[in-house]
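Peer 1: One structure, as structure tokens, below. Some questions next.
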Amino acid sequence: MKFTNLTRQTEIGANSYYLEIGRNRLLLDCGMHPKNTGEDALPNFKTIADRDIEAVLMSHAHQDHIGTLPLAIRRFPGARVFMTEPTAEVGSVLLHNSVNVMTRQREEIGELSYPLFTHREIDRASERWRKCPTRQRISIAGERAAQREKDTLTFEFFDAGHVLGSTGILLRGEGHTVFYTGDVNFDDQTIMQAAGFPDERIDVLIMECTRGDHAKPQGWSRHGEEQRLAEALSAALERDACVLIPVFALGKTQEILAMLYQFRRQRLLPEFPIYIGGLSSKFTDIYDRRTHSTRRQLPRLKLMREVAPFILNDETVRDTPLRGGRVYLLSSGMMIPKTLSNVFARRIIENPQHSIFFVGYANPESPAGLLREAGQGGEVALDPDKPSQPVRCDIEQFQFSAHATRESLVDFAKKISPKEILLVHGDPRAVEWMRATLSNELSGSEVIVPTPGVELEV
Ligand SMILES: [Zn+2]
Ligand SMILES: [Zn+2]
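Take 443 as the starting number for the sequence shown in our numbering and just add one per residue.
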């Protein structure tokens, strides 16, 4: 088997992996870098330019996993594309939104290659996406495969517990098994249920490492963290603050909306207006429409009806009056310049009355990472085109990651005891902690950090 990590660095960037099993050539995910632009935002497709890709398997519809799928299809027009039905639904909305964002960026940052693809291209390509259920063996040709067909390469999706539609992917072929975790969570969130991954022995494990540099804090529990958030919100609302919570439009928005719904039901918080962005509202609609067809908690909760958030857009986020006692769940989670969370943060950051609460992962070099690092009393430039600002508002951090703790990743690896473990999707320090720990604790496994762009024989 051959494997190439197509990200440009050891990082959570434009995630995409090339896999060759026997004569089958595949891609796992085709992401776009959440922070970089232009060529730097794309996977390194050039390293596999001469290969004929047969199939593209998508783990989930976050930008860093699906954002360049139309480009991959342009390069490899014969490739079949497989994903779950919710991933297809969310993915199509996300890619159309991405065309709009790139069209705007063409003006704003002068990136003349943007938009990298068109609405029509997405529509045409998405008609050919094959939607697959979880827990079903499917041949790489797209047919339901019988268990005894030993020679055909098959894949099977398993619930990854990360966001709506997310999966890990098990490949079986030539007597070997390969499992790609995608982005995974082994714990329950408010809506998402913990991953249901295979527990059979696996030969090669390709594993994400997002939280590899964060130890689970002593005494941390999700319930305790929810209480802490409810108390912090209560204090801020009492102070008549605007509370900004930067969130990913897909996943974290719906999780926090569900949490706020529960806080109100438990009478931990009074009624107060909640705002989300337009893209987030589209994803929330999809969560609501799929309450009965997905494995989840709170199966009767329709967020748009019960929580009834107001919707902000690119214009209103700039000029909506700053009225206190409101919560703004705005994307992007990393506060990328010109996004709703970035624009809104710049409006409230200098006023000690207001609050910004962080609830998930942010690249340390992203504006959210920089603001977190600066903290109250520091200074930060959230947008390189604008002057830097003193941070006077209240800044607090909460841990509601949609990713597995490093401890649970290690436990999973131990359970399936692979011959080889390939570590991906992590900042260098995170990947290094995972490498050192796994090498130490799994004497029977070879642990590898694949150098980006370099083909590996496993
Ligand atoms: Zn993700
Ligand atoms: Zn990811």
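Glycine included, C-beta positions come from ideal geometry on N, C-alpha and C.
What residues match up with K573 in a beta bridge as DSSP calls it?
Peer 2: K573 pairs with M525.
Peer 1: Using the three-state DSSP reduction, which class does P794 fall into: helix, strand or coil?
Peer 2: P794 falls in the coil class under three-state DSSP.
Peer 1: So, for V822: in the same chain, excluding its five sequence neighbours on each side, which residues have a beta-carbon less than 7 Å away from its beta-carbon?
Peer 2: The residues are L812, L813, A816, S830, Q831 and V833.
Peer 1: Please write down, chain order preserved, every residue whose beta carbon lies under 5 Å from a heavy atom of ligand 2.
Peer 2: Taking each Cβ in turn, the ones that pass are D506 and D625.
Peer 1: So is the beta-carbon of H867 under 6 Å away from any non-hydrogen atom of ligand 1?
Peer 2: False, no ligand heavy atom lies under 6 Å from that Cβ.
Peer 1: Quick check on the burial criterion: 16 or more other C-beta atoms within 10 angstroms. Buried or exposed for V896?
Peer 2: With fewer than 16 other Cβ atoms within 10 Å, it is exposed.
Peer 1: Take the Cβ of E697 as the centre, count every other Cβ of all protein chains shown within 10 Å, and call the residue buried at 16 or more, exposed below.
Peer 2: E697 should be labelled buried.
Peer 1: With a threshold of 6 Å, establish whether the CB of H561 neighbours any heavy atom of ligand 1.
Peer 2: No, since every heavy atom of ligand 1 falls outside the 6 Å radius drawn around the Cβ of H561.
Peer 1: Can you give me the C-alpha to C-alpha distance between E899 and F524, rounded to a whole angstrom?
Peer 2: For E899 and F524, the distance between alpha carbons rounds to 25 Å.
Peer 1: Answer yes or no: the CB of H504 versus the heavy atoms of ligand 1, is any distance below 6 Å?
Peer 2: Yes, the Cβ of H504 comes within 6 Å of a heavy atom of ligand 1.
Peer 1: Using DSSP bridges, identify the partner residues of G719.
Peer 2: G719 is bridged to L754.
Peer 1: Are there three or more Cβ pairs, one per stretch, closer than 8 Å when the segment 705-721 is compared with the segment 597-610?
Peer 2: Counting Cβ pairs under 8 Å, fewer than three are found: no touch.
Peer 1: In whole angstroms, what separates the C-alpha of Q739 from that of E585?
Peer 2: Roughly 31 Å between the two C-alpha positions.
Peer 1: Only counting the same chain, and skipping five residues up and downstream in sequence, which positions put a Cβ closer than 7 Å to that of T781?
Peer 2: S773 and S774.
Peer 1: What is the residue span of the beta strand (DSSP E) that V769 lies within?
Peer 2: V769 -> beta strand (DSSP E) spans R768 to L772.
Peer 1: Among G719, E668, L686 and G720, which one has its Cα closest to the Cα of A700?
Peer 2: Of G719, E668, L686 and G720, the residue nearest in Cα terms is E668.
Peer 1: For F752, count the other beta carbons within 10 Å of its own beta carbon; 16 or more makes it buried, fewer makes it exposed. Which is it?
Peer 2: Label assigned to F752: exposed.
Peer 1: Leaving out five residues before and five after R548 in sequence, what residues of the same chain have Cβ atoms less than 8 Å from its Cβ?
Peer 2: Cβ neighbours of R548 beyond the five flanking positions: L554, Y556 and P557.
Peer 1: Thinking C-alpha only, which one of I551, M500, I611 and G464 is nearest V532?
Peer 2: The shortest C-alpha separation from V532 is found at M500.
Peer 1: Closer than 6 Å to a non-hydrogen atom of ligand 4 - does that hold for the CB of F842?
Peer 2: Ligands in the displayed structure: ligand 1 and ligand 2; ligand 4 is not one of them.
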